[in-house]
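This note's numbering puts the sequence shown at residues 4 to 482. The C-beta atom is built at its ideal place from N, Cα and C for all residues, glycine as well.
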Amino acid sequence: MISVRIRLVLGLILLCLNGSSCVDVSANLARFERRVDWIGQGQWLKADTHIHTEFSDGKHPVSEVIARGVDHGCEVLAVTDHADRALGAATPEYAEAIEVARRQHPGLILLAGLEWNVPPWGGDEHATVLVPPGPDEFLQLADFKEKFDDYDRENHDADLAGEALRWLEETATSGKVRPVVIYNHPSRKDTRSTENINDVLLWREVNDIVVGFSGAPGHQAGESPGDYEYDESTIDRWDPVVARVGDAWDTLLQAGIDVWGARAASDFHRVSASGFSDYWPGQFSETWLYVPERTPEGALQAYRAGTFFADHGHIVREARLTVDSLGLDRPAEAGEVVSAVEGARLTVDVWGVVPETDWAGDANQVDVIELIAVTSDGARVVDEAPAEESELLFSTKLDVPPGGIVLRARGRRVIEDGPDLLFYTNPIRVTARHVATGGEFPWRSMTGTQLLGLGLCALAVVSLAVSVSQKMNTSRAEP
């Protein structure tokens, strides 16, 4: 009789843990589908990888621009002069100036690149091209410039962009490190920002060398942030593809295409006492890379993996979006993909360190955190709250909807006369799978204490079973 009761109690516990029947519990647990190996072991580096010098339409030598970027805390910089074939980018003199700057700043990661006039738009659409450093990097850039830059060509062939992306992957990949292309100021000359959706879709049909958008364009020092003086305007200094919920970035994420938009570069050209002027690299706009190692290769890996965030005005440090669910050995972070059962409970947190003062030395705070969710039904702000005065700035709980969910976050410092200062994270994707057994996912609303209690209960019953079994064996052995 005692043995039967023990089996009954064990069966009830398993029934509670699994919802309706005794199956493999792990089938209902969340798991990683794409994991970034260096999460928890990397380091943060401040970057600006869109700057110009006297080798194109900038007004300052490489040495001065790099020195000022270092003064403003940049640990990763890239010289990306325009690739117009009549200009000086990717020439031997360009290479020598960058190599001299590397020797002058041995602790700096200094990448060589170009600003590509993307076919078939002549000089209207631009992208940052970054290649892994090595003995052939400048030859590769010179070859790329000659073959694929679209400025001042007689014929503007859309297929040339695809050829360029294939060429980069085949020619400029170094070991496991691949080139990176980022779409600069994507909506500046568009009639509608959503035109960028088809552009990225076409490029992604070729390969994934294009990793995403420069969500915050440069040229932030002027009266028109980003120099957006056409049909589209920036929204709180950010391009509409990122700042307008449901625009191009969210549409691509909804389609299952993981691209990154949390990049804020200076697009530095000049500092002038009168007329057009820019902020120096790192002075106002920041992109923070979470890298596996402090090397050029590590920086490119971070851009490709999505392990970075960006801000204006130095309002936050070490900003992290995390998603946790039962079964994960650690919370997921930006750039990662998690698989969870429909209806599973997610804990979504935004972390960050808020400096006491901002870029101008004024008192600083982050006022509100907004969580943006992309589902099969569209994109919207699903939760917002005043930022907490701790490293955990925001926390909420969500259930995984059918079709899954993609989450990204932004933090806002309200400026009375506007525009506000914001930071943006890259997204985390949670795919949905059906529950392994019929019925509702059983423990999605249970607290850790409740789960611990269930585990202790099961352990106690097992111990009781062992004890009773030993007593019964002893009883049978007695004469």
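| query | To the nearest angstrom, how far is it from the Cα of Q143 to the Cα of T174? | reply | If you take the alpha carbons of Q143 and T174, they lie about 8 angstroms apart.
| query | What number of angstroms, rounded off, separates the C-alpha of T310 from the C-alpha of T298? | reply | 15 angstroms
| For R323, which of helix, strand or coil comes out of DSSP? | strand
| What span of residues does the beta strand (DSSP E) with P389 cover, start to end? | G381 to P389
| said: Please classify F279 as buried or exposed, where buried requires at least 16 other C-beta atoms within 10 Å of its C-beta. | reply: That one is exposed.
| query | Looking only at its own chain, which residues have a Cβ that is under 6 angstroms from the Cβ of G264, when we skip the five neighbours before and after it? | reply | G215, F216, G218, V245 and W252
| Taking buried to mean at least 16 other C-beta atoms within 10 Å of its own C-beta, is S24 buried or exposed? | Annotation note: pLDDT 42 at S24 (below 50); position unreliable, coordinate value reported separately. With fewer than 16 Cβ atoms within 10 Å of its Cβ, S24 is classed as exposed.
| Bridge partner(s) assigned by DSSP for N120 | Under DSSP, the beta-bridge partners assigned to N120 are H129.
| message | Can you tell me whether R106 is helix, strand or coil according to DSSP? | response | Three-state DSSP puts R106 in a helix.
| DSSP three-state call for T254: helix, strand or coil? | helix
| Neighbourhood of I42 by C-beta, 6 angstroms cutoff - its chain only, sequence neighbours within 5 removed | E336
| said: Could you tell me which whole alpha helix (DSSP H) segments of length 4 or greater appear in the segment 275-312? | reply: The segment 275-312 contains these whole alpha helix (DSSP H) runs: 299-308.
| request: Would you be able to state if there are at least three C-beta pairs under 8 angstroms between the segment 335-350 and the segment 418-430? | output: yes
| request: Determine the extent of the beta strand (DSSP E) in which G414 is found, giving its start and end residues. | output: Taken as a continuous stretch (DSSP letters only), the beta strand (DSSP E) holding G414 covers I408 to R416.
| Exposure of R411, with buried meaning 16 or more beta-carbon neighbours within 10 Å | buried
| said: Within a Cβ cutoff of 7 angstroms, which residues of the same chain sit near R307, ignoring the five residues on either side of it in sequence? | reply: R181, V183 and V214
| task | Report all residues from its chain with a CB closer than 7 angstroms to the CB of R447; omit the five preceding and five following residues, and keep chain order. | result | At R447 the pLDDT is 48, less than 50, meaning the model places this residue with poor confidence; the figure from the coordinates comes in the next sentence. So the list reads G346, A347, R348 and D402, once near-sequence residues are dropped.
| query | Which residues share a DSSP beta bridge with E336? | reply | T325
| Who does I54 pair with in a DSSP beta bridge? | V82 and F271
| Beta carbon of G137 nearer than 7 angstroms to that of S196 | no
| field | Residues bridged to A343 [DSSP beta-bridge criterion] | value | A343 is bridged to A435.
| field | Where R88 falls: helix, strand or coil (DSSP) | value | coil
| field | Through-space distance from L133 to W206, alpha-carbon basis | value | 16 angstroms
| task | Within its chain, find whatever has a CB closer than 6 angstroms to the CB of A145; leave out the 5 residues flanking it on each side and keep chain order. | result | A93
| said: In this structure, how does DSSP classify W446 when only helix, strand and coil are distinguished? | reply: In this prediction, W446 has a pLDDT of 48, which is less than 50 and means its spatial position is unreliable; what the coordinates show is noted afterwards. Looking at W446 - three-state DSSP - the assignment turns out to be coil, as it is neither helix nor strand.
| Under a Cβ-count criterion, where at least 16 other Cβ atoms within 10 Å of its own Cβ denotes burial, should V356 be classed as buried or exposed? | exposed
| query | Cβ-heavy atom distance between Q44 and the ligand ATP below 6 angstroms? | reply | With respect to small molecules bound, the structure shown includes none, and the ligand ATP cannot be examined in it.
| said: Tell me whether the segment 59-70 and the segment 359-369 touch, counting them as touching only if at least three CB pairs, one residue from each stretch, are closer than 8 angstroms. | reply: Put simply, the segment 59-70 does not touch the segment 359-369. Fewer than three CB pairs are less than 8 angstroms apart.
| field | Rounded straight-line distance, which links the Cα of D155 to that of D87 | value | D87 and D155: Cα-Cα distance of roughly 8 angstroms.
| request: Pull up the DSSP beta-bridge partners for H315, would you. | output: Assignment of beta-bridge partners to H315 by DSSP yields S288.
| query | Can you name the start and end residues of the alpha helix (DSSP H) that W354 belongs to? | reply | Looking at the DSSP string, W354 is not in any alpha helix (DSSP H); the run it does join, the beta strand (DSSP E), is R348 to V356.
| field | 8 angstroms Cβ shell around T450 - same chain, five flanking residues per side excluded | value | Annotation note: pLDDT 45 at T450 (below 50); position unreliable, no value reported.
| request: Specify, as a first and last residue, the run of the beta strand (DSSP E) that K400 falls within. | output: L395 to D402
| Range covered by the alpha helix (DSSP H) that runs through G165 | D162 to T174
| Beta-carbon contacts of Q286 that lie in its chain and below 6 angstroms, excluding the five residues immediately before and after | H75
| For Q223, does the three-state DSSP call read helix, strand or coil? | coil
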